[in-house]
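In the working numbering, the protein residues as written are 30 to 137.
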């Protein structure tokens, strides 16, 4: 069994005349389990810490602007995958059919 966890959190970002507050975070958790020597199962969850979004404020002199956005397509999602590992006689047979490079040229 293997685990992979990824996260990236940035609460604020600043420019010369603006400030942006970020919501949510890029995050992902992947779990892989090899059931037997031929079959594996993988589960993946993305955006664990909420929907991504921002509030942005820009001001310069008398100009002021506020904007807000939420990325609804970047909210929690789950996926499940199945892996098949080729081993044994079939794997050895298929490897023999691959091209091999030699000093004289290419042979089967």
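Quick reminder that beta carbons are idealized off the backbone N, C-alpha and C, glycines included.
7 Å Cβ shell around residue i - same chain, five flanking residues per side excluded
i, result
"residue 98", "82 and 83"
"residue 113", "67 and 68"
Closest residue to residue i among the options (Cα-Cα distance)
i, options, result
"residue 57", "76, 103, 92 and 113", "76"
"residue 55", "43, 108, 34 and 62", "34"
"residue 87", "31, 47 and 73", "47"
"residue 102", "92, 31, 79 and 95", "79"
"residue 41", "32, 53, 31 and 30", "53"
"residue 39", "45, 31, 51 and 30", "51"
"residue 45", "93, 100 and 89", "89"
Start-to-end residues for the beta strand (DSSP E) that takes in residue i
i, result
"residue 74", "68–75"
"residue 58", "55–63"
"residue 37", "31–37"
"residue 46", "Run containing residue 46: none; DSSP gives neither H nor E here."
Simplified DSSP assignment, three categories, for residue i
i, result
"residue 102", "coil"
"residue 81", "strand"
"residue 90", "coil"
"residue 52", "strand"
"residue 113", "strand"
Cβ shell of residue i (< 6 Å), same chain only, five flanking positions each side left out
i, result
"residue 109", "72"
"residue 95", "86"
"residue 74", "58 and 107"
"residue 62", "30 and 70"
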